[in-house]
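S.K.: Take a look at this one; I'll ask things after.
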Amino acid sequence: MKRRHFSAAALAAVTFAAALPALAQDNTFKIGLILPMTGQQATTGRQIEAAARLYMAQNGDTVAGKKIQLIVKDDTSLPDATRRLAQELVVNDKVNVLAGFGITPSALATAPIATQSKTPLVVMAAATSSITEASPYVVRTSFTLPQVSVALADWAPKNGIKKVVTLVSDYGPGIDAEKYFKERLTFNGGQVTESLRVPMRNPDFAPFLQKVRDLKPDALFVFVPSGAGAAVMKQFLERGMDKAGIKLIATGDVTDDDQLNDMGDGALGVVTSHHYSAAHPSALNKKFVAAFEKANKGMRPNFMAVGGYDGMRVIYEALRTAKTTGKAMPSGDALLAAMKGQIFESPRGKMFIDAQTRDVVQDVYLRKVEKKDGQLFNVEFDVIKDVKDPGKTK
Ligand code: VNL
-13 MKRRHFSAAA LAAVTFAAAL PALAQDNTFK IGLILPMTGQ QATTGRQIEA
37 AARLYMAQNG DTVAGKKIQL IVKDDTSLPD ATRRLAQELV VNDKVNVLAG
87 FGITPSALAT APIATQSKTP LVVMAAATSS ITEASPYVVR TSFTLPQVSV
137 ALADWAPKNG IKKVVTLVSD YGPGIDAEKY FKERLTFNGG QVTESLRVPM
187 RNPDFAPFLQ KVRDLKPDAL FVFVPSGAGA AVMKQFLERG MDKAGIKLIA
237 TGDVTDDDQL NDMGDGALGV VTSHHYSAAH PSALNKKFVA AFEKANKGMR
287 PNFMAVGGYD GMRVIYEALR TAKTTGKAMP SGDALLAAMK GQIFESPRGK
337 MFIDAQTRDV VQDVYLRKVE KKDGQLFNVE FDVIKDVKDP GKTK
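The sequence shown stops at residue 380 when you use the numbering used here, and every number in between is there.
Listed below in structure tokens is the structure:
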């Protein structure tokens, strides 16, 4: 009798213990944040993780009665690892949202998992136009290369730049940048006299720049992913391209706020187009930059940080507004629906998630590198409002 009583209690204890994780899980909203924390794109991972943590520090970790858990995974900048980690996060951790994605191949490799598991996939960094078409569960908070490249191709011919050589990283975003820059420049009466592509992994810019020197265009247009800009700038200056009368124009990935201040005065005057500058003169951005620097030993936020910060905003707001029954966790479809059409002020300016394309619609700025209080910044001097991704076919 005594023994039976004991085992009943033990059984109850076991049952209770087994129920605990289930209860905890029911109330925990999990965000699987997959980033390149090491490898070639490590600066992108560092910026986005810092931004996501800042967003949580500022906005708390409870939304609509749910506890937010951020699970950060390092994909070492390799797409096979991204896909495997996403699979594990969905199957084992049962994450509610997948987020991050430092490079296009990582986002494309993971898109089918989002589709199969009906999990929203928030792209905070990668910027090839077609990514949003790889799965109906993709939502993007970064930018697209076509979006920013056409602005520069409109500016250039009005500013004495008619003949241009393009130099891009040889993969998705570079090919987008090359195509849309060339199309628009040609439409505007300019000419791309040569299109050069450099390998994405361990690029050596020297032989390409030598070729550009011989071709003597009015300007060299460059796209390289975040982290590679300083090397381009250094070699451009070392080869005396500027002194040979060749202007450097680029997407803002090159004069990346993560590296710009260490590029030296040779970077002064470089004109770029992009959606975010740490020098964007809004009250919200000043607050964002100050808080980010304070939380990260003075590290200046770049466009990757803003993609991560806004991505967290899109996820929090979706959880807050998604349709659910009672206290249940919203489904992936309900979250996705609540992400579509979000419109808000970002540190970059006004930002909008187009409900049809799930891509970001935003202002694109023309900027020039200038010195402010002894530091180099991308200072905005013109803006094109509400730019949709020109790469969308529908
Ligand atoms: C991509 C586009 C990556 C722009 C970047 O930095 C970037 C991409 C890592 O789509 O792979 O600046």
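In this text, a Cβ means the ideal position worked out from N, Cα and C, and glycines have one as well.
Just confirm the distance between the C-beta atoms of A216 and Q177, as a whole number of angstroms; I'd bet it's less than 8 Å.
M.R.: Position 230 of the sequence shown, counting from 1, holds the residue named residue 216. Position 191 of the sequence shown, counting from 1, holds the residue named residue 177. Not quite, the Cβ-Cβ distance comes to about 29 Å (not below 8 Å), so this is no contact.
S.K.: Between which two residues does the beta strand (DSSP E) carrying N45 extend?
M.R.: Position 59 of the sequence shown, counted from the first residue, corresponds to residue 45. That residue, N45, is in no beta strand (DSSP E); its alpha helix (DSSP H) goes 28 to 45.
S.K.: Pop quiz: L131 and P159 are said to be a contact at Cβ under 8 Å. What is the actual Cβ separation, rounded to whole angstroms?
M.R.: Translated into the one-based positions of the sequence shown, residue 131 becomes position 145. Translated into the one-based positions of the sequence shown, residue 159 becomes position 173. The pair is a contact, with the Cβ atoms about 5 Å apart (cut-off 8 Å).
S.K.: Just the C-alpha distance for P65 and Y157, rounded to the nearest angstrom, thanks.
M.R.: Position 79 of the sequence shown, counted from the start, is the residue given in the question as residue 65. Position 171 of the sequence shown, counted from the start, is the residue given in the question as residue 157. Between P65 and Y157, the C-alpha separation is close to 13 Å.
S.K.: Exposed or buried, what is K358 when buried is set at 16 or more other beta-carbons lying within 10 Å of its beta-carbon?
M.R.: The residue given as residue 358 occupies position 372 in the sequence shown. Result: exposed.
S.K.: Does M298 come out as helix, strand or coil in the three-state DSSP assignment?
M.R.: Sequence index remark: in the sequence shown, residue 298 carries index 312 (1-based). Helix.
S.K.: Confirm the yes/no value for this check: CB of Q27, any heavy atom of the ligand VNL, distance under 7 Å.
M.R.: Translated into the one-based positions of the sequence shown, residue 27 becomes position 41. True, at least one ligand heavy atom lies under 7 Å from that Cβ.
S.K.: Give the DSSP-derived three-state secondary structure of L391 in the structure shown.
M.R.: A question about residue 391 goes unanswered here, because the residues of the chain that appear run from -13 up to 380.
S.K.: Do you know how far the Cα of N13 is from the Cα of E356?
M.R.: Residue numbering aside, residue 356 sits at position 370 when the sequence shown is read from its first letter. Residue numbering aside, residue 13 sits at position 27 when the sequence shown is read from its first letter. Near 49 Å, if we compare the C-alpha coordinates of N13 and E356.
S.K.: Nearest-angstrom Cα distance between R168 and G25?
M.R.: Working through the sequence shown from its first residue, we reach residue 168 at position 182. Working through the sequence shown from its first residue, we reach residue 25 at position 39. Per the sequence shown, residue 168 should be read as Lys rather than Arg. K168 and G25: Cα-Cα distance of roughly 31 Å.
S.K.: How many Å lie between K(-12) and L107 at the Cα?
M.R.: Within the sequence shown, residue -12 is the residue found at index 2, counting from 1. Within the sequence shown, residue 107 is the residue found at index 121, counting from 1. Only weak support exists for where K(-12) lies, its pLDDT of 45 falling under 50; the value from the coordinates is given anyway. Whole-angstrom Cα-Cα distance: 55 Å.
S.K.: Decide yes or no for the touch test of the stretch 218 to 230 against the stretch 292 to 301: beta carbon pairs closer than 8 Å, at least 3 of them.
M.R.: Judged by Cβ distances under 8 Å, the stretch 218 to 230 makes no contact with the stretch 292 to 301, as fewer than three pairs qualify.
S.K.: What separation, rounded to the nearest whole angstrom, lies between the Cα atoms of I20 and L94?
M.R.: Taking the first residue of the sequence shown as position 1, residue 20 is located at position 34. Taking the first residue of the sequence shown as position 1, residue 94 is located at position 108. The alpha-carbon atoms of I20 and L94 are separated by roughly 13 Å.
S.K.: Would you say R299 lies against chain B (beta-carbon separation less than 8 Å)?
M.R.: Any reference to chain B falls outside this structure, which holds one protein chain only.
S.K.: Kindly identify the DSSP beta-bridge partner or partners of N364.
M.R.: As a position in the sequence shown, residue 364 is number 378, starting the count at 1. For N364, which the question treats as bridged, DSSP gives the partners V355.
S.K.: Of all the options H261, T62, L254, A236, which has the alpha carbon lying nearest to the alpha carbon of F338?
M.R.: For the purposes of this step, residue 338 is taken as residue 352 along the sequence shown, with counting starting at 1. Checking every option, the nearest Cα to that of F338 belongs to H261.
S.K.: Under a three-way DSSP split, which group does D375 fall into?
M.R.: Residue numbering aside, residue 375 sits at position 389 when the sequence shown is read from its first letter. Looking at D375 - three-state DSSP - the assignment turns out to be coil, as it is neither helix nor strand.
S.K.: For S212 and T48, I'd like the C-alpha separation in whole angstroms.
M.R.: The residue given as residue 212 occupies position 226 in the sequence shown. The residue given as residue 48 occupies position 62 in the sequence shown. Near 32 Å, if we compare the C-alpha coordinates of T48 and S212.
S.K.: Under 7 Å from any heavy atom of the ligand VNL, does the C-beta of S259 make it?
M.R.: If you number the sequence shown from 1, residue 259 lands on position 273. Because no heavy atom of the ligand VNL lies under 7 Å away, the Cβ of S259 does not count as near it: no.
S.K.: Who are L56's beta bridge partners in DSSP?
M.R.: Start at 1 with the first residue of the sequence shown, and residue 56 comes out as number 70. Answer by DSSP bridge pairing, in chain order: I17.
S.K.: Name the two residues that bound the continuous alpha helix (DSSP H) containing S103.
M.R.: Taking the sequence shown and counting its residues from 1, one reaches residue 103 at position 117. Run containing S103: 90 to 103, per the alpha helix (DSSP H) assignment.
S.K.: Determine the burial state of F289: buried for a count of at least 16 other Cβ atoms within 10 Å of its Cβ, exposed for fewer.
M.R.: Working through the sequence shown from its first residue, we reach residue 289 at position 303. With 16 or more other Cβ atoms within 10 Å, it is buried.
S.K.: Return the chain-ordered list of same chain residues with a C-beta closer than 6 Å to the C-beta of A341, the five sequence neighbours on each side being excluded.
M.R.: Stepping through the sequence shown from its first residue, residue 341 is reached at position 355. So the qualifying residues of the chain are K326, G327.
S.K.: What's the gap between the Cα of P203 and the Cα of G146?
M.R.: What you label residue 203 is simply residue 217 of the sequence shown in a count that begins at 1. What you label residue 146 is simply residue 160 of the sequence shown in a count that begins at 1. Roughly 12 Å between the two C-alpha positions.
S.K.: Might you give, ordered along the chain, the residues of its own chain that have their beta carbon closer than 7 Å to the beta carbon of A163, omitting 5 neighbours on each side?
M.R.: As a position in the sequence shown, residue 163 is number 177, starting the count at 1. Contacts found: L131, S135, V154, F209, T237.
S.K.: Tell me which same chain residues have a C-beta within less than 6 Å of the C-beta of V198, skipping the five on either side of it?
M.R.: Along the sequence shown, read from residue 1 onward, the residue named residue 198 stands at position 212. Excluding positions up to five away in sequence, the list reads V151, L206.
S.K.: Please classify S135: does DSSP put it in a helix, a strand, or coil?
M.R.: Here residue 135 refers to the residue found at position 149 when the sequence shown is read from its first residue. Of the three classes helix, strand and coil, the one that applies to S135 here is helix, per DSSP.
S.K.: Using a Cβ-Cβ cut-off of 6 Å (strictly less than) and excluding sequence neighbours within five positions of D345, which residues of its own chain qualify?
M.R.: Along the sequence shown, one-based indexing puts residue 345 at 359. Within the same chain, D345 has close Cβ partners T118, R126, D375.
S.K.: Would DSSP call Q73 helix, strand or coil?
M.R.: If you number the sequence shown from 1, residue 73 lands on position 87. Here Q73 sits in helix by DSSP.
S.K.: Please list, in chain order, all residues of the same chain as A264 whose beta carbon is under 8 Å from its beta carbon, the five residues on each side excluded.
M.R.: Position 278 of the sequence shown holds residue 264. Excluding sequence neighbours, A264 sits near D243, N271, V275, R286, P287, N288, F363, N364.
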